[in-house]
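Residues in the sequence shown are numbered from 85 upward in steps of one, following our numbering. See below for the structure under consideration.
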Amino acid sequence: MDPQSKDLPEIDFKRYKKIEEREICPTKEVDEAHFIEPDLAWFLHLFQFLFNPNPKFFVEIFNCVHCNSCDTSNSRYYLKRKLHNSGFKSNYTEIMIESFKQFDTPFNQSDYRLTIPDNVPKKSENLLFMGCLSTIKVPKFTLNAINYMLGKKHHFTILEREVCCGIPLFDSGESEILSELMKKNVKIFNSSNYKKIVCVCPACYDVFNTQYDGIKAEVVFISDYLEPLKNKRNETLSIQHLCQLENRGRKDVRVHVDKVLKDSGFKIMENEKHWCCGGGMGMMHIVDTIEQITRIRVNDFHGDILTTYCPSCYHVLKLFSRREKIKPKLIDTFKLLTE
Numbered sequence: 085m086d087p088q089s090k091d092l093p094e095i096d097f098k099r100y101k102k103i104e105e106r107e108i109c110p111t112k113e114v115d116e117a118h119f120i121e122p123d124l125a126w127f128l129h130l131f132q133f134l135f136n137p138n139p140k141f142f143v144e145i146f147n148c149v150h151c152n153s154c155d156t157s158n159s160r161y162y163l164k165r166k167l168h169n170s171g172f173k174s175n176y177t178e179i180m181i182e183s184f185k186q187f188d189t190p191f192n193q194s195d196y197r198l199t200i201p202d203n204v205p206k207k208s209e210n211l212l213f214m215g216c217l218s219t220i221k222v223p224k225f226t227l228n229a230i231n232y233m234l235g236k237k238h239h240f241t242i243l244e245r246e247v248c249c250g251i252p253l254f255d256s257g258e259s260e261i262l263s264e265l266m267k268k269n270v271k272i273f274n275s276s277n278y279k280k281i282v283c284v285c286p287a288c289y290d291v292f293n294t295q296y297d298g299i300k301a302e303v304v305f306i307s308d309y310l311e312p313l314k315n316k317r318n319e320t321l322s323i324q325h326l327c328q329l330e331n332r333g334r335k336d337v338r339v340h341v342d343k344v345l346k347d348s349g350f351k352i353m354e355n356e357k358h359w360c361c362g363g364g365m366g367m368m369h370i371v372d373t374i375e376q377i378t379r380i381r382v383n384d385f386h387g388d389i390l391t392t393y394c395p396s397c398y399h400v401l402k403l404f405s406r407r408e409k410i411k412p413k414l415i416d417t418f419k420l421l422t423e
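Below is the structure:
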């Protein structure tokens with residue numbers, strides 16, 4: 085089944101309304117006609133016996149990029165599971181399931197699309213976990229993150245083959261394969277006695293910390309390691325911060341990253357308020373809706389440089405900043421802070 089609504093309104097992306105005039109939920113902003121309100125999502129999760137899966141709910145509940153600006157992302161995950169178990173399955177889910185069975189990723193491959201630098205140690209107490217989207221969809225972003233960590237003399241190792249954290253299956257309502265993935269990752273992490281797992285992807289970080297049981301290592305996000313430049317810059321800077329952290333109890337990450345960039349000499353565009361870029365769950369299920377959200381968002385940016393430290397954000401910003409021909413040059417935060 086296809087959850088993408090077919091009657092999205094036409095949008096003038098270059099002259100769209102200001103951020104403060106928009107809905108906090110990006111999918112409601114671009115497709116209000118097929119949107120389930122947060123109160124109803126929460127209510128149906130709380131009173132589960134009242135939820136009757138049907139085609140209308142299928143479209144409305146999948147009309148979500150899980151930015152969690154409404155605080156009901158977990159309720160929507162639950163409702164997606166109910167839909168999935170009742171036979172309402174997205175076409176993307178069906179394709180992903182076959183890929184997961186063979187590759188442990190949703191991308192029909194498990195091989196990294198980057199070469200791990202030779203100076204990454206084979207063994208360490210610390211694991212840098214990149215995430216499947218990072219290694220397959222945005223390899224240059226990920227290599228920049230690895231080289232940044234190496235340049236700062238942090239000691240870590242990288243797995244020869246990663247297993248997806250499972251976030252695409254959470255987003256799809258599938259639970260059986262998800263459970264197997266989680267068991268595999270816990271076994272991999274604990275068998276090597278890692279003390280710390282440093283996540284390049286905020287989705288991996290959040291899922292490992294909130295949905296997994298039994299991981300012995302401390303799970304941290306890579307932004308903890310960002311430091312100001314010694315040789316200061318002076319460009320104006322637009323930033324796409326991370327909904328997967330910002331709206332899930334880690335507002336401190338934005339504060340830290342902003343300070344690092346300001347201390348590096350960059351002039352942050354203060355009038356560009358945070359709004360979801362649409363890319364948090366990847367390009368799946370509702371790709372037309374995601375495209376509209378991202379094309380709106382990229383036109384909010386007017387600095388010399390546009391940066392983000394999220395692989396999913398970087399992926400969609402790269403796709404649609406080119407299409408919209410925006411002024412800022414997209415540079416990931418790791419490359420930006422490399423001397």
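Glycine residues also receive a C-beta, built at the ideal position from the N, C-alpha and C atoms.
> When burial is assigned at 16 or more other CB atoms within 10 Å of the CB, is Lys173 buried or exposed?
Replying inline: Stepping through the sequence shown from its first residue, residue 173 is reached at position 89. With 16 or more other Cβ atoms within 10 Å, it is buried.
>> Using a 10 Å radius around the Cβ and a threshold of 16 neighbouring Cβ atoms, would you call Thr422 buried or exposed?
In response: Here residue 422 refers to the residue found at position 338 of the sequence shown. Flag for Thr422 reads exposed.
> Quick check: the stretch 220 to 237 against the stretch 177 to 187, are there 3 or more CB pairs under 8 Å?
Replying inline: no
> Counting pairs of Cβ atoms below 8 Å between the stretch 242 to 255 and the stretch 183 to 201, do you hit three or more?
Replying inline: yes
> In this structure, does DSSP put Asn210 in helix, strand or coil?
Replying inline: In the sequence shown, residue 210 corresponds to position 126, counting from 1. Looking at Asn210 - three-state DSSP - the assignment turns out to be strand.
>> Assuming Arg407 and Arg381 are in contact, meaning their beta carbons sit under 8 Å apart, how far apart are those beta carbons, in whole angstroms?
In response: Here residue 407 refers to the residue found at position 323 of the sequence shown. Here residue 381 refers to the residue found at position 297 of the sequence shown. That pair is no contact at about 12 Å.
>> Would the stretch 180 to 197 count as touching the stretch 150 to 164 if we require 3 or more Cβ pairs under 8 Å?
In response: no
> When the Cα atoms are used, what is the spatial distance from Gln88 to Ile374?
Replying inline: The residue you call residue 88 lines up with position 4 of the sequence shown. The residue you call residue 374 lines up with position 290 of the sequence shown. The straight-line gap from Cα to Cα measures roughly 10 Å.
>> So, with DSSP's three-state summary, where would you put Ile95?
In response: As a working note, residue 95 is residue 11 in the sequence shown. Ile95 sits in coil when the DSSP states are folded into three classes, being neither helix nor strand.
> Between which two residues does the alpha helix (DSSP H) containing Ile261 stretch?
Replying inline: On the sequence shown, residue 261 is found 177 positions in, with the first residue counted as 1. Counting along the chain, the alpha helix (DSSP H) containing Ile261 begins and ends at Glu260 to Ser275.
> When burial is assigned at 16 or more other CB atoms within 10 Å of the CB, is Ala117 buried or exposed?
Replying inline: Position 33 of the sequence shown, counting from 1, holds the residue named residue 117. Here Ala117 is exposed, its C-beta having fewer than 16 other C-beta atoms within 10 Å.
> So Leu329 packs on Phe305, CB below 8 Å; how close in whole Å?
Replying inline: Position 245 of the sequence shown, counted from the first residue, corresponds to residue 329. Position 221 of the sequence shown, counted from the first residue, corresponds to residue 305. The Cβ separation is near 7 Å, so the contact holds.
> How about Tyr398 and Val222: are their beta carbons less than 8 Å apart?
Replying inline: Position 314 of the sequence shown, counted from the start, is the residue given in the question as residue 398. Position 138 of the sequence shown, counted from the start, is the residue given in the question as residue 222. For Tyr398 and Val222, yes; Cβs fall inside 8 Å.
> Would the beta-carbon of Asp115 fall within 8 Å of that of Asn136?
Replying inline: Residue mapping note: residue 115 aligns to position 31 of the sequence shown, counting from 1. Residue mapping note: residue 136 aligns to position 52 of the sequence shown, counting from 1. Not a contact, by the Cβ cut-off of 8 Å.
> What are the start and end residues of the alpha helix (DSSP H) that includes Thr156?
Replying inline: On the sequence shown, position 72 is the one that residue 156 refers to. Neither: Thr156 is in no alpha helix (DSSP H) and is coded neither H nor E.
> Under the rule that 16 or more other beta-carbon atoms within 10 Å means buried, what is Phe213, buried or exposed?
Replying inline: Taking the sequence shown and counting its residues from 1, the one referred to as residue 213 is at position 129. Around the beta carbon of Phe213, a 10 Å sphere encloses 16 or more other beta carbons of the protein chains shown; the residue is thus reported as buried.
>> Whole angstroms are fine: how far does the CA of Gly171 sit from the CA of Pro286?
In response: For the purposes of this step, residue 286 is taken as residue 202 along the sequence shown, with counting starting at 1. For the purposes of this step, residue 171 is taken as residue 87 along the sequence shown, with counting starting at 1. In a straight line, the C-alpha of Pro286 is about 30 Å away from that of Gly171.
> Span of the beta strand (DSSP E) holding Ile410?
Replying inline: To locate residue 410, count along the sequence shown from 1; it is residue 326. First-last for Ile410: undefined, no H or E at that position.
>> Helix, strand or coil, according to DSSP, for Glu354 in the structure here?
In response: Here residue 354 is taken as the residue at index 270 of the sequence shown, counted from 1. Note: Glu354 maps to coil in three-state DSSP.
>> With the cut-off set at 8 Å, would you say Ser153 and Cys360 are in Cβ contact?
In response: Taking the sequence shown and counting its residues from 1, the one referred to as residue 153 is at position 69. Taking the sequence shown and counting its residues from 1, the one referred to as residue 360 is at position 276. Cβ atoms of Ser153 and Cys360: closer than 8 Å.
>> Going by C-alpha to C-alpha distance, which of Glu105, Lys409, Val270 and Ile272 sits closest to Phe385?
In response: By one-based count along the sequence shown, residue 385 stands at place 301. The shortest C-alpha separation from Phe385 is found at Lys409.
> Can you tell me the Cα-Cα spacing of Ile415 and Thr294, whole angstroms?
Replying inline: Against the sequence shown, residue 415 aligns to sequence position 331. Against the sequence shown, residue 294 aligns to sequence position 210. Spanning the two alpha carbons is a distance of roughly 30 Å.
> Whose C-alpha, out of Ile145, His129 and Met85, is nearest the C-alpha of Ser159?
Replying inline: Reading the sequence shown from its first residue, position 75 is the one you call residue 159. When only C-alpha atoms are compared, the closest one is His129.
>> For the beta strand (DSSP E) containing Ile323, name the first residue and the last one.
In response: On the sequence shown, position 239 is the one that residue 323 refers to. Note, Ile323: beta strand (DSSP E), Thr320 to Gln324.
>> By the DSSP assignment, the alpha helix (DSSP H) with Leu130 in it spans what residues?
In response: In the sequence shown, the residue the question calls residue 130 occupies position 46. First-last of the alpha helix (DSSP H) with Leu130: Pro122 to Leu130.
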